[in-house]
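Chains as they are written, first to last, in this note's numbering: chain A, 3 to 455; chain B, 1283 to 1773.
This is the structure in structure tokens:
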């Protein structure tokens, strides 16, 4: 596809953007060395579904279109985020071999799919390959592997996505990698930097309080900085968005609004029809498509089981999650008769292990089941969350407000587009000062279901 | 230092650690030899992950030359033992030279010229010296390479005549059971500090309870083994009764303890440096101790103050992750660890090996489920152990699920695993152990990058002004204002 096609696509995307998104894109495109002596360092605060990756990739595309022979280094925390950003760029019309993911696995090379596996210094790359990489418009990579980008590009615009997971040392480690590039005097000269992410999403994991503030927060704590706030989300039904806003309110973050097209986004609107006769009677209320946000009281699921060394599981809640997911798959079909593929999320890997063993072998590829941590950056039509904890004392471990992983609740709830089913025992999560869960429970239009038997 | 502080039982079983570790680190042999070399070297090692103090910078192969030397000897010896390499009527040098060319190609090095020099300088003299020994190797030879040994309580005599216990772990280059030798290799002509290193490794081996020995080593008495430091041209036997090593070990542990927890110890370490600017020692880190600092960025002082706290935080992070992991796996019973799925027992599927990949079966459903959950994440790594935590060969690996209890394992370091020889030291039959790996290498990478960033900069103000890397530092740590970019009214 020619650059004029890419330009058309980018302009078409930009025409759909709201003011905040457009302003964020322009901030990223600005020269880092402003005329009045300020250093331009845009930080884009993009809550779930507000299109922060889209803002990042559109900014990257415009930068390429507006600057001849330019390159963008697009850095993400996970490979999944790298792939999503790459897909966006390809959808604007960039050829597959022009937006290339630099991968640590040397066997992963596939130019047709835009992946090049290499060592960190590109020592094994031939001159031809190096030339080819220098001609790529966008080089994508995980932050830990970012040396590869600076070994390939000379003056890339550096865009860092999902900065909530990027610790301060990690950011400076990336900067050092740019400095350390051999063969270029004084290292590689990035043509500016930008951070994209949601500061209250999954945090930097560390045992050390000093290392927990992400780079965005570190910068904002040191210098007055007015970040770009995106406010209109395009992912979730308004009832689910309301639950997310309740959680954001607890974190003192700004409210987000639902775009008109997502207001009534239930499973029917996504093209699924449901056959109530296929639903076990005790699950009918939970599966009801007119109730996008359903909170199930699992008091009767029995107590959690502790796995030594870190994780917790609840066998009965795991069985319930699998029953609901199986019923969803059988009761909801799209226009081609294909069953809905629900996703089960849990903060505990032991519970994920338990749930995976419970899923019938025939459905294992159809019902996804991953930890909340891995779910960041993903979205699903239907999400079932198993919070696992079930005790009389109201102890919810790292999910509690005072702990660093409380954001897991927020991330888990904001993955759902049209149907969110939360499994939690009220005796444990309510009336014990767990403000996030109480706020979630109080969400307007939340449908509360008492589990029978 | 009163005594080494071990983690209490509740710490060993604590789920979510945070803050300052309430126990002392679990040092490795490299840390001890750095502390032995110079207090500043161990400071750089602990806080900045700079480990080059005792490693020479050779003109031929750079930092990892020692590893290349030893790695190739391991390959040659294993190939002869497994019958893959035989000399017949050929000159051993010619036969091994072919293996050398394959070795350097598989290790992704294209700088053949450099490796030709390496061959002539190091490998060739070694082969000339060892040709008889190589010729005597065969299926009955019992040579174990790269075994990791560890124990929580190793006794060292004090100068007052008492005894103190410390934890220690390390990796032995080679154990030759037939010749009763423990071998450490170096490219340097002087054997210090390798003599101390091999002595420490021998102390660990001898301290391990016989019940913890893998089946094939149960009858071996390591206290009678010779300690050898092997260079390309010489073999030197090290004294096992060595009071100086015993006494200096206490100093080394004291430095490790103090530099881990006490900010004032850094100044102490500088005061006790093994060399001065005027009288520099032959040390891989002298460039760092006496480095020239560029005038730009001007905010270097503030940046350094912030980074200083981060180094210690990263060190503590490593202690919570990796050192506690060592204490836990060496202190708690294996059955308990397995029951709780912290450790899984896996069985190799026969004839499933393809280069660095092979298949394993995990029969325990809970363990299989957990490995599946963790294996799905492309950032998770596992530790594959042939043997056990006290004595065993450890590999970093990735795993992927093939069927409910069947996984493929891909070894990520230490070359291609030789499955025909490694299970010799496994706990039972062809079993081995799998555990989740703590990504210490990511933490040390951050420490190293932060520290190296402190040395970067520019001399020329115009150049500094035009360099976005220097300016972003000035903006974050210095006086340059920071802004989000152009403000346009789109309303």
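Glycine included, every Cβ here is placed at the ideal spot set by N, Cα and C.
Asked, Found
"Short-range partners of chain B found in the segment 351-369 of chain A, where Cβ spacing is below 7 Å", "351, 352, 354, 355, 356, 358, 359"
"The segment 432-451 of chain A in contact with the segment 1514-1523 of chain B per 3-pair CB rule at 8 Å", "no"
"Where the alpha helix (DSSP H) containing residue 426 (chain A) begins and where it ends", "Looking at the DSSP string, residue 426 (chain A) is not in any alpha helix (DSSP H); the run it does join, the beta strand (DSSP E), is 418-426."
"Per-residue contacts from residue 1750 (chain B) into chain A (C-beta, under 8 Å)", "34, 35, 191, 192, 193, 194, 195"
"Short CB-CB distance (under 8 Å) between residue 150 (chain A) and chain B", "no"
"Euclidean distance between Cα positions of residue 1554 (chain B) and residue 1529 (chain B)", "17 Å"
"DSSP state of residue 1412 (chain B) mapped onto helix, strand, coil", "helix"
"Whole-angstrom C-beta distance between residue 360 (chain A) and residue 413 (chain A), which should lie under 8 Å", "At roughly 23 Å, the Cβ-Cβ gap does not stay under 8 Å, so residue 413 (chain A) and residue 360 (chain A) are not in contact."
"Residues bridged to residue 143 (chain A) (per DSSP)", "A:77"
"Under 9 Å from the C-beta of residue 1299 (chain B): neighbouring residues of chain A", "209"
"Residues that DSSP places opposite residue 197 (chain A) in a beta bridge", "A:45, A:162"
"Proximal chain B residues relative to residue 414 (chain A), where beta-carbon distance stays under 9 Å", "Here the premise fails: no neighbours, minimum Cβ distance about 16 Å."
"CA-to-CA distance, residue 246 (chain A) to residue 275 (chain A), given in whole angstroms", "26 Å"
"Alpha-carbon to alpha-carbon, residue 236 (chain A) and residue 421 (chain A)", "15 Å"
"Cross-chain neighbours of residue 1764 (chain B) in chain A, by beta carbon under 9 Å", "40, 41, 42, 43, 221, 224, 225, 226, 227"
"Cβ pair count under 8 Å reaching 3, the segment 1669-1677 of chain B against the segment 1650-1659 of chain B", "no"
"Within chain B, partners of residue 471 (chain A) - CB distance below 7 Å", "An answer regarding residue 471 (chain A) cannot be provided, because it is not within the stretch 3 to 455 covered by chain A."
"Within chain B, partners of residue 181 (chain A) - CB distance below 7 Å", "1735, 1738, 1751"
"Inside the segment 355-386 of chain A only - alpha helix (DSSP H) runs reaching at least 4 residues", "374-377"
"Residue 1754 (chain B) at chain A interface by Cβ criterion, 8 Å", "yes"
"Any chain B beta carbon closer than 8 Å to residue 212 (chain A)", "yes"
"For residue 206 (chain A), three-class secondary structure by DSSP", "coil"
"Opening and closing residue of the alpha helix (DSSP H) in which residue 17 (chain A) lies", "5-18"
"Within 7 Å of chain A by C-beta, residues of the segment 1589-1614 of chain B in sequence order", "1591, 1592, 1595, 1596, 1598, 1599, 1602"
"Pick from A:76, A:423, A:183, A:141 that is closest to residue 297 (chain A), judged by C-alpha positions", "A:423"
"Residue 313 (chain A), enclosing beta strand (DSSP E) - first and last residue", "313-315"
"Cα-Cα separation between residue 1506 (chain B) and residue 1431 (chain B), rounded to whole angstroms", "17 Å"
"Check: residue 1462 (chain B) C-beta below 7 Å from any heavy atom of the ligand ADP", "With respect to the ligand ADP, the structure shown offers nothing to examine, as it has no ligands at all."
"Chain A contact for residue 1731 (chain B) (CB, 8 Å cutoff)", "yes"
"Simplified DSSP state of residue 240 (chain A), which is helix, strand or coil", "helix"
"Residue 1584 (chain B) beta carbon less than 8 Å from that of residue 1759 (chain B)", "yes"
"Option nearest residue 345 (chain A) by Cα separation, candidates A:365, A:370, A:332, A:70", "A:370"
"Beta-carbon contacts of residue 277 (chain A) that lie in its chain and below 6 Å, excluding the five residues immediately before and after", "333"
"Cα-Cα separation between residue 1749 (chain B) and residue 191 (chain A), rounded to whole angstroms", "6 Å"
"Buried versus exposed call for residue 1341 (chain B) [16 or more other C-beta atoms within 10 Å across all chains shown]", "Low confidence applies to residue 1341 (chain B): its pLDDT is 42, below 50, so where it sits in the model is not reliable, and the reading given next is rough at best. Result: exposed."
"Opening and closing residue of the beta strand (DSSP E) in which residue 1435 (chain B) lies", "1425-1439"
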